[in-house]
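Per my numbering, the sequence shown starts with residue 50, numbered consecutively.
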Amino acid sequence: MEPIKVGVIGCGYWGPNLIRNFVEIPTSDVIIVADLKEERLSTIAARYPKIMVTRNYKDLFNHSLDAVVIATPPVTHYSLAKECLEHGLNVLVEKPITIKSEYAEELIQLAAANDLVLMVGHTFEYNAAVHTLKQLIDSGELGQIYYVDTARLNLGLFQRDLNVLWDLAPHDISILLHILGRHPISVSAHGMPCVFDGIHDVVYIDMLFPDNILGPIHVSWLAPCKVRRTTVVGSKKMVVYNDIENAEKIKIYDKGIDRPPYTESFADFQFSYRSGDILIPNIRFSEPLRLECQHFLECIQNHCEPQSGGNQGLEVVKVLEAAQDSLNKNGSYQEVIKW
Ligand SMILES: NC(=O)c1ccc[n+]([C@@H]2O[C@H](COP(=O)([O-])OP(=O)(O)OC[C@H]3O[C@@H](n4cnc5c(N)ncnc54)[C@H](O)[C@@H]3O)[C@@H](O)[C@H]2O)c1
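See below:
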């Protein structure tokens with residue numbers, strides 16, 4: 050079978066990672082890369098002399114490509130993805146899929162009408178540690194899930210055209226929706242634009258899921274230490290996924306509280322704190338982005354709907370919109386409109 054011909058739009062910070070993966074995967078060929086900045090294109094041309102480079106993304110439409118990968122700022126995703134789909138090209142677009150849910154809906158319809166793959170780069174859905182979390186929740190090993198708490202903090206990378214909610218929270222929202230397998234009911238968010246007027250760099254989000262599961266998310270570009278942590282607390286066990294750790298990413302704590310049976314007096318009433326072993330499962334780890342890129346190519350070959358398809362992208366945007374509404378209204382709870 051002929052390799053799938055791929056073009057890439059955007060080779061700033063993240064695009065080169067996508068280019069490297071599609072170059073290394075034998076079932077794809079990167080034919081052409083577009084970026085507005087000459088210096089970004091020179092770096093790519095020096096590293097991959099066989100790849101054509103251009104400052105005009107419309108040149109991609111003259112090379113009989115099968116697919117386009119879009120790694121440009123989120124405000125550009127909708128118009129670029131739309132144009133690529135209209136040219137009959139399968140599209141992998143970075144997160145968030147669009148900055149408005151109606152744009153995502155339009156892209157989903159366009160892809161379906163033209164029998165094309167539309168996928169969004171929710172990289173963590175291809176992460177082995179996140180799969181392990183999902184398995185632990187689905188198997189019932191953790192018991193009833195009380196809450197899933199996530200933190201994604203660092204110093205930078207500040208953006209000027211969107212806030213930290215739209216930049217970092219798509220990762221955590223996609224993780225929560227994926228591992229819980231539920232749609233959130235409501236969202237509230239509060240935060241602060243500390244450095245630049247009007248651009249929140251610290252945001253605390255509270256998501257409420259069915260079965261009273263809480264999903265607090267803390268994202269920040271203004272923190273002294275890098276934190277990438279997801280904590281799942283269940284009635285039987287608790288799990289911490291620390292993405293900063295190299296080898297011991299997941300720790301399963303046999304910890305919890307056993308409530309005593311009914312007691313007559315307060316004196317008889319005592320919680321029993323359970324503190325058992327800590328298990329560190331051995332997770333076979335492959336680069337999540339490699340798995341994501343391979344999945345995109347397989348979906349094109351087999352005409353399948355991706356794990357992180359347009360609908361999953363839309364779900365995340367609906368949550369972001371509700372959270373942004375709440376930020377604008379001083380943290381009041383906003384219903385997440387069902388899609
Ligand atoms: N999945 C992940 O883990 C992950 C990580 C980082 C960034 N991202 C996403 O990747 C995307 C890009 O982020 P980044 O940090 O690389 O941004 P960036 O600003 O570093 O790079 C974007 C590049 O796109 C180029 N560009 C903009 N408009 C263009 C156009 N019309 N034609 C051609 N080139 C154009 C810019 O010149 C720039 O070089 C964002 O959607 C971001 O959310 C995803």
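Where is the CB? At the ideal position from N, CA and C, for every residue including glycine.
1. Hey, does L167 have any beta-carbon neighbour from chain B nearer than 9 Å?
2. Hey, how far is the Cα of I68 from the Cα of L340?
3. Cα separation between I81 and L338?
4. Specify the secondary structure class of L202 as computed by DSSP and reduced to three states.
5. Ligand 1 and R89: does any heavy atom of the ligand fall closer than 8 Å to the residue's C-beta?
6. Using 8 Å as the threshold, is the region 280-293 in touch with the region 242-256, meaning 3 or more CB pairs across them?
7. When burial is assigned at 16 or more other CB atoms within 10 Å of the CB, is N176 buried or exposed?
8. Measure the CB-CB distance between P259 and V385 and report whether it falls below 9 Å.
9. State the Cα-Cα distance for the pair E132 and D216, rounded to the nearest angstrom.
10. At what residues does the beta strand (DSSP E) containing G56 begin and finish?
11. Examine ligand 1 and report whether any of its heavy atoms sits within less than 8 Å of the Cβ of H136.
12. Secondary structure at A393, three-state DSSP: helix, strand or coil?
13. Does the separation of the CB atoms of R104 and E87 fall below 9 Å?
14. Specify the secondary structure class of H239 as computed by DSSP and reduced to three states.
On the basis of the coordinates in this document:
1. Included in the structure is just one protein chain, with no chain B present.
2. Going by the C-alpha atoms only, they are around 14 Å apart.
3. 20 Å
4. strand
5. yes
6. no
7. buried
8. no
9. Taking the straight line from one Cα to the other gives about 23 Å.
10. I53 to I58
11. Annotation for H136 indicates a beta carbon at 8 Å or more from all heavy atoms of ligand 1.
12. The chain is shown from 50 up to 388; residue 393 falls before or after that span and cannot be answered.
13. Cβ atoms of R104 and E87: closer than 9 Å.
14. strand
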